[in-house]
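Quick note on the numbering used here: the sequence shown kicks off at 168 and runs consecutively.
Even glycine gets a Cβ: it sits at the ideal position worked out from N, Cα and C.
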Amino acid sequence: MAQLSDDCFAFDGPLMPFDEALEELRKRLQPIIRPENIPTQFGLDRFLASNVISTETVPPADNSAVDGFAIHFDDLYSDQPTTLPVIGRAAAGHPFTKEFTRGSAVQIFTGAIMPSNTDTVMMSEDCQTVENKAGDVLTVTIAPGIKRGANSRRAGEDISSGQIVLRKGHRLRPQDIGMLAAAGYKTVAVNKPLKVALLSTGDELREPGVSASPGTICDSNRHALRSFLEASGCVVTDLGIQKDDLGEISGALHKAAANHDLILSSGGMSIGKEDHVKSAVEDLGSLFFWRLAIKPGRPIAFGQVKDCIFVGLPGNPAAAIVTFLTLVRPLLYHLKGGQLNAFRFNVSADFHHKKKPGRREWLRASLHQSENGGFNARKFSREGAGILSSLVEADGLVEIAEDVLAIAPGDQLQFLPFSEALK
Ligand code: AMP
Ligand code: MG
Numbered sequence: 168m169a170q171l172s173d174d175c176f177a178f179d180g181p182l183m184p185f186d187e188a189l190e191e192l193r194k195r196l197q198p199i200i201r202p203e204n205i206p207t208q209f210g211l212d213r214f215l216a217s218n219v220i221s222t223e224t225v226p227p228a229d230n231s232a233v234d235g236f237a238i239h240f241d242d243l244y245s246d247q248p249t250t251l252p253v254i255g256r257a258a259a260g261h262p263f264t265k266e267f268t269r270g271s272a273v274q275i276f277t278g279a280i281m282p283s284n285t286d287t288v289m290m291s292e293d294c295q296t297v298e299n300k301a302g303d304v305l306t307v308t309i310a311p312g313i314k315r316g317a318n319s320r321r322a323g324e325d326i327s328s329g330q331i332v333l334r335k336g337h338r339l340r341p342q343d344i345g346m347l348a349a350a351g352y353k354t355v356a357v358n359k360p361l362k363v364a365l366l367s368t369g370d371e372l373r374e375p376g377v378s379a380s381p382g383t384i385c386d387s388n389r390h391a392l393r394s395f396l397e398a399s400g401c402v403v404t405d406l407g408i409q410k411d412d413l414g415e416i417s418g419a420l421h422k423a424a425a426n427h428d429l430i431l432s433s434g435g436m437s438i439g440k441e442d443h444v445k446s447a448v449e450d451l452g453s454l455f456f457w458r459l460a461i462k463p464g465r466p467i468a469f470g471q472v473k474d475c476i477f478v479g480l481p482g483n484p485a486a487a488i489v490t491f492l493t494l495v496r497p498l499l500y501h502l503k504g505g506q507l508n509a510f511r512f513n514v515s516a517d518f519h520h521k522k523k524p525g526r527r528e529w530l531r532a533s534l535h536q537s538e539n540g541g542f543n544a545r546k547f548s549r550e551g552a553g554i555l556s557s558l559v560e561a562d563g564l565v566e567i568a569e570d571v572l573a574i575a576p577g578d579q580l581q582f583l584p585f586s587e588a589l590k
């Protein structure tokens, strides 16, 4: 199934605004929906493949919200205490099965079904009772002032049978698993995880723990990106480090395209003599560079190898991670049937910053509680796209809009947390 149309990423004009790039992705890439049924208890973080319609009514019957006495409201005096005989008891799972006679009361416990013809429950704490020696309650005296229907929960007030309780594309959180169970679902139809092949390119890269030859560095991108991908619910195939060699890269891409939804690479995307990813993708399919009006992030490559989407990120570690968070992660949500918008919330700036107009910028920032209980964002002190330690120190990214030229303390900014908190 091809997700890309032929020329969707062709772009050779001025720098493309970030929102336009997202819009292009939204338009051109269809969600990849492959449903599978899994036990509800394993559904955490999976995306629903279809709407969930409750097979249950919750609560199934009117029931008591407290321990107390069930009565019919019209049997109470409005201006003086009412004493009623207590004719039985109802507990959760043990309903009162006899006939309720008007002018009486039934002792009731939380979750018990309301006896027919009762509509109101008076809390035990607010009642006076007379008991026999065995502890059975004989009469209850109820003060005036209670409201009709008090302390009783109506059948179906939470969920009615036939109601849509969760929607297609929703990412399941713990409370949603609870909802699925309440709605009667032992299994749930979710999307199969996206299959992503991940590679790094660069002759200077080595695996951590492998002895160093001069000028080599440990491949950090692949390990960070793998974790981000897995946190987004993808199944990752690790294609390892590929040398700056056209044949080697082409072979790896060709093989991976056959059985993956997405190939994600970092590095080697420039047009220098040592950058072969571009040629490899062009030989095997189609590739389009996006020169986006963003910082950090040099041109980002999108394309297609056979039916597989290809995304090439910059090699620079901070740029690779920032572009993953701002573009690739939202893209993954979209492909899984969710929203193509990075989750964000407002924070106050706790720093000064100057920037050029016309591009969107993301700064790595840590959050600190402010005196009014909100959050202040503090910018990492050292600039430079290659500083991985800035990402370790940060909690997420602050976004600075295209038209903003300067930030001063107190300015409101949007914050994109590293952790995912999307529905
Ligand atoms: P490139 O995009 O290949 O020109 O790489 C840009 C910079 O990022 C170079 O300094 C690379 O050494 C570095 N780099 C590329 N890939 C990685 C990686 N996987 N891990 C850490 N650094 C990388
Ligand atoms: Mg390189």
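Contact between Ile280 and Asn230 holds, with the beta-carbon distance rounding to 5 Å and staying under 8 Å. Per DSSP, Val565 is one residue of the beta strand (DSSP E) stretching across Gly563 to Ile567. The C-beta of Gln579 has fewer than 16 other C-beta atoms within 10 Å across all chains shown, which makes the residue exposed. Not one heavy atom of the ligand MG sits closer than 7 Å to the Cβ of Glu374. In the displayed model, His421 falls within a helix according to three-state DSSP. The DSSP-derived three-state label of Lys194 is helix. Contact annotation: Glu569 and Gly525 have beta-carbon atoms nearer than 8 Å. Note on geometry: alpha-carbon atoms of Val377 and Leu480 lie some 25 Å from one another. The beta carbon of Phe276 lies closer than 8 Å to those of Ser231, Asp234, Arg256, Ala257, Ala258 and Ala259 in the same chain, with the five residues before and after it left out. Between the alpha carbons of Asp450 and Glu223 lies a distance of about 55 Å. Annotation for Asp343: the continuous alpha helix (DSSP H) segment containing it runs Pro341 to Ala349. DSSP places Glu371 in the coil class of the three-state scheme, outside both helix and strand. Nearest to Arg213 by C-alpha distance, out of Ser537, Gly505 and Ala509, is Gly505. Inclusion of Ala228 and Ala317 in the CB contact set at 8 Å is not warranted, their separation being larger than that value. By the neighbour-count criterion, in which 16 or more other beta carbons inside 10 Å mark a residue as buried, Glu528 falls on the buried side.
Proximity of the beta carbon of Gly470 to the ligand MG is not indicated: no heavy atom of the ligand is located closer than 7 Å.
If you ignore the 5 residues before and after Ala575, its C-beta comes within less than 8 Å of the C-beta of Ala516 and His519, all in its own chain and listed in chain order.
Rounded to whole angstroms, the separation of the alpha carbons of Thr308 and Gln247 is 10 Å. Close CB contacts of Asp428 within its chain, under the 6 Å cut and outside five residues either way in sequence, are with Ile199, Leu361 and Lys362 (chain order).
When secondary structure is reduced to three states using DSSP, Phe240 falls in the helix class.
Approximately 6 Å separates the beta-carbon atoms of Val448 and Val472; this is inside 8 Å, confirming the contact. In the three-state reduction of the DSSP assignment, Arg531 falls in the strand class.
With a cutoff of 7 Å, Glu371 counts as near the ligand AMP, since its C-beta is closer than that to a heavy atom of the ligand. Excluding the 5 residues flanking it on each side, Thr383 has same chain C-beta neighbours closer than 8 Å at Glu371, Leu372 and Arg373, in chain order.
Assigned with DSSP and collapsed to three states, Ile200 falls in coil, not helix or strand.
Asp450: member of the alpha helix (DSSP H) spanning Val444 to Leu451, first to last residue.
A heavy atom of the ligand AMP is found nearer than 7 Å to the CB of Met436. Take the alpha-carbon of Gly329 and the one of Gly351: they are about 11 Å apart. Counting along the chain, Glu560 sits inside the alpha helix (DSSP H) bounded by residues Leu555 to Glu560. In the structure shown, Ala228 falls within a coil segment according to DSSP collapsed to helix, strand and coil. Closest in C-alpha terms to Ala544, from the list Leu583, Phe510 and Lys503, comes Leu583.
The beta carbon of Asp411 sits closer than 7 Å to at least one heavy atom of the ligand MG. Where Ile313 is concerned, there is no enclosing beta strand (DSSP E), because DSSP gives it neither an H nor an E. In this structure, Gly482 is the residue among Phe455, Arg269, Gly482 and Gly400 with its C-alpha nearest to the C-alpha of Gly464.
In this structure, the beta-carbon distance from Val288 to Ser245 does not fall below 8 Å.
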